[in-house]
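Worksheet: one structure, shown below.
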Amino acid sequence: MGRPKVVIDLHEANCARDLFAGGMFVGSAAIAAAGCALAFNDEVDLVVRSGNRELTLHARVVFVDPATGAGLELLGFDAGMKERIAQLGELELAPAEPDPGSEPEPEPEPDPDPDSDSDSDPDAVPGETSEAGTARKKLALNMHERLRGLTMVEQLKRANSNDPTERMTLERIYGKTVWEALLRNPRLTAPEVARLARMGSMPRTLIELIINNGSWLQIAEVRRALLGNPRLGVDQILRVLRLLSKPELKVAASLMTYPHAVRDAAKRLLKGADS
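Residue -11 is where the sequence shown starts when you use this note's numbering, and the numbers rise one by one after that.
Right, here's the structure in full:
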């Protein structure tokens, strides 16, 4: 059986921009028209049409939201592929008129900082040299600037990064857009999982993703974060509580920072253990 075939129009809003960046977010209508259901990591044929011409590109699914669509990463993306896309739509290969004015300019700005601002750095750490403090600020600024303004597909690709600092910055900038992609990154650390697990606006489907990961549930920090989340369903509460020792259950039953449903369920489990 061949790969699913998804058809898009090159002249739709943001289509060319996203393809030039190496990916594409395909709406649920285009997926339904293809008569297929896409799953994470599936490979597809992305058919890009412009008038009566078309170009077929090999892509991989890097994100799926049944309600809105799927994010695709172009495989084998290089300058040659970018040129073929440009030729298909008779587009300028450098659609980046905003880029020279937006991205390259902010990065040089920190360069003069070591000479101009080093003596008055309000964030300097006591005992830290002005050069070290400036370098630290410059690194954080550069990462934030580098991650700002990414397309959705680029955000999802970055969520698979090896660098925890980059992942944390990404989550702070884009929030819920990258939550699922981050939770599917096997390199996610315990503090990162716990931070996501305590998000009160986290959808239950993503909470379920955390709870279904046995390794994460073995970490006390993650269990505490989950139990403090008011979005946790009754069935999910019980699955977490059953992993607690009796002393931990006693704490959960009386800890006022936990929702009432958690405290009540912990009390019932303690009664059952004593009877």
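Where a beta carbon is used, it is the ideal one built from N, C-alpha and C, also for glycine.
Contact belief for residue i with residue j at Cβ below 8 Å, rounded distance in angstroms
i	j	result
Ala25	Val(-5)	Contact flag wrong, Cβ pair sits at about 16 Å.
Val49	Asn29	6 Å
Ala9	Thr139	5 Å
Val32	Ala55	The pair is not a contact, with the Cβ atoms about 19 Å apart (cut-off 8 Å).
Ile195	Arg219	6 Å
Arg186	Asn217	6 Å
Leu173	Ala147	The amino acid occupying residue 173 in the given sequence is Asn; Leu does not appear at that position. So it is a contact: roughly 6 Å between Cβ atoms.
Leu11	Leu60	The residue you asked about is not Leu; residue 11 is Gly in the sequence shown. Rounded, the Cβ-Cβ distance is 6 Å, consistent with contact.
Met190	Trp204	Not quite, the Cβ-Cβ distance comes to about 14 Å (not below 8 Å), so this is no contact.
Glu163	Arg192	First, the residue type needs correcting, since residue 163 is Gly and not Glu in the sequence shown. Not a contact, Cβ separation roughly 17 Å.
Ile161	Arg136	6 Å
Pro35	Ile73	The residue you asked about is not Pro; residue 35 is Val in the sequence shown. With 8 Å as the limit, Val35 and Ile73 do not qualify as a contact, their Cβ atoms being about 12 Å apart.
Exposure label - residue i; buried when at least 16 CB within 10 Å
i	result
Gln75	exposed
Thr157	buried
Lys145	buried
Gln143	buried
Arg155	buried
Ala27	exposed
Leu62	buried
Leu231	exposed
Asn130	exposed
Asp53	exposed
Thr44	exposed
Asp6	buried
Leu215	buried
Asn40	exposed
Glu268	For the chain, the structure presents residues -11 to 263; residue 268 sits outside this window and is missing.
Ala240	buried
Pro92	Below a pLDDT of 50, predicted positions are generally treated as unreliable, and Pro92, at 40, falls in that range; the measurement from the model is reported next regardless. Pro92 is exposed by the Cβ-count criterion.
Ala78	Reading off the sequence shown, one finds Glu at residue 78, where the question assumed Ala. Under this definition Glu78 is an exposed residue.
Glu159	buried
Gly57	buried
Glu0	exposed
Ala4	buried
Ala169	buried
Pro86	Because Pro86 carries a pLDDT of 43, less than 50, the predicted location of this residue cannot be relied on, and no value is offered for it.
Asp151	exposed
Beta bridge counterpart(s) of residue i as assigned by DSSP
i	result
Phe65	For Phe65, which the question treats as bridged, DSSP gives no partner whatsoever.
Gly221	According to DSSP, which records beta bridges pairwise, Gly221 is partnered with nothing at all.
Asp53	Gly57
Lys(-7)	Asp33
Ala47	Val32, Leu62
Cβ of residue i within 8 Å of any chain D Cβ
i	result
His46	The chain labelled as chain D is not found in the depicted structure, where only one protein chain is given.
Residue i: CB within 7 Å of a non-hydrogen atom of the ligand ZN
i	result
His46	The model depicted lacks the ligand ZN and carries no ligand whatsoever.
Stretch pair the segment 213 to 230 + the segment 240 to 256: three plus CB contacts closer than 8 Å: yes
Segments assigned beta strand (DSSP E), at least 3 residues, entirely inside the segment -4 to 42: 11 to 15, 31 to 38
Any 3 or more C-beta pairs closer than 8 Å across the segment 205 to 220 and the segment 164 to 184: yes
Those runs of the beta strand (DSSP E) which lie wholly inside the segment 148 to 223 and span at least 3 residues: Counting whole runs of 3 or more residues, the segment 148 to 223 contains no beta strand (DSSP E) stretch at all.
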